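Residue numbers (the numbering used here): 3 to 447.
Here a beta-carbon is modelled for each residue, glycine too, at the ideal position from N, C-alpha and C.
Because the structure is a prediction, the values reported are computed rather than measured.
Notes to accompany the following structure.
Written as structure tokens, this is what we have:
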């Protein structure tokens, strides 16, 4: 493990992880936890949740409720109106839906606090701006250090600075993620132990970031730029982790996904479903594309899954190709050969899923006349030349050679032998009638 984490042993890291999980899934009915939170913090948290909901989908009724709640508890806030509330009050004034009465109430609140707050806030802003400038200059200077080890050690020292704010510590952790990612990119692909060590460090840093988030989540809602940077980092590295994880990291990945799901990151929900379907073999009903299609496939609702695919708009991601390859394979076994060919050909060329080649070759045999103008048929014609080394068309141990033998028997009108060969390669395949009808059509019988 790098110099940055030399002071943390595995037991301490695991303990931190447990605390984060407990915070992420906080039991609202726990009186022990509730007693630790001041009345002001409780009310502030309640208002913040209301504001977050209202900002996403503004309604006058919600806004009136927030104003009413604030007035009722104004003695708690005294001269300190939270930034998230001030921002929302300004939104109310600008919102066309707001009634004149509502705007008047908000203006009165802002006017009352403005006089008491302006001087103090100006001083705070200037101090914060100066502090931010000094910190970010330090951080930038460290990131320009070329030597990897020196850069990590210097960041470690900066993270131990006295009076370091959580927002500053979060930026240090996010910088570390970038450094580890670059180091992974510069590591030779065969150097698996080093990549695993870097992956472990990424897990640790992401857990530390989440610890800051759950300790003081208002920090991320009041600082929009920091929240954006935080979510972008989490999203990026969750995807990155999935590129290189193996079974030894499954438990860590599950824990991380559970924590990030509680922050409502879309990418986390998507990756959690991907993990459940492809790694844990679970079947989870959902409305997220393409996992809604995968759910229907896994419960053997082929026609519904096909309809949903045809109705959907989509972006072609690695997960998309995983799902449609599964849809294409099921279409193959459901004798929906042309639809299957379309999907599997797309996966073959656009995602390099060459493990699908046999399905495509078999469909070139079954429906030659329907796929003869498709790109993959050229691959079929190139590969069938392998039979030149088997002029007596003897039984082969290579599945591809057997597929080409089936083609030659069909070409010579022996559909029964052709079917027998294909059936041995794919026992679930049903194509006897299709092959028979092809021969009868050729013979005009």
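In terms of Cβ geometry, residue 419 and residue 411 form a close pair [threshold 7 angstroms].
Between the segment 137-153 and the segment 194-205, the count of Cβ pairs shorter than 8 angstroms is below three; the stretches do not touch.
For residue 255 and residue 435, the gap between their C-alpha atoms comes out near 48 angstroms.
Annotation for residue 275: 286, 288, 290, 293 place their beta carbon closer than 7 angstroms to its own, counting only its chain and skipping 5 residues before and after. By the neighbour-count definition (other C-beta atoms within 10 Å, threshold 16), residue 321 is a buried residue. CA-CA distance, residue 131 to residue 186, rounds to 35 angstroms. Counting of Cβ neighbours within 10 angstroms places residue 235 among the buried residues, the total reaching 16 or more.
Burial state of residue 102 is exposed, judged by a 10 Å Cβ sphere holding fewer than 16 other Cβ atoms. By the Cβ criterion, the segment 294-311 is not in contact with the segment 249-263, since fewer than three pairs of Cβ atoms, one from each stretch, lie closer than 8 angstroms.
Counting along the chain, the unbroken alpha helix (DSSP H) around residue 423 starts and ends at 417-427. In the structure shown, residue 286 falls within a coil segment according to DSSP collapsed to helix, strand and coil. When C-alpha distances from residue 153 are compared across 177, 165, 136, 168, the shortest belongs to 177. Apart from sequence neighbours up to five positions away, the residues of its chain that approach residue 345 with a beta-carbon distance below 8 angstroms are 326, 327, 329, 330, 333, ordered along the chain.
Inside the segment 343-384, DSSP marks whole alpha helix (DSSP H) runs of 4 or more residues at positions 359-368, 370-373, from first to last along the chain.
Pairing residue 62 with residue 99 gives a Cβ-Cβ distance under 7 angstroms. By the Cβ criterion, the segment 334-353 is in contact with the segment 423-438, since at least three pairs of Cβ atoms, one from each stretch, lie closer than 8 angstroms. Under the three-state reduction of DSSP, residue 195 is assigned to helix.
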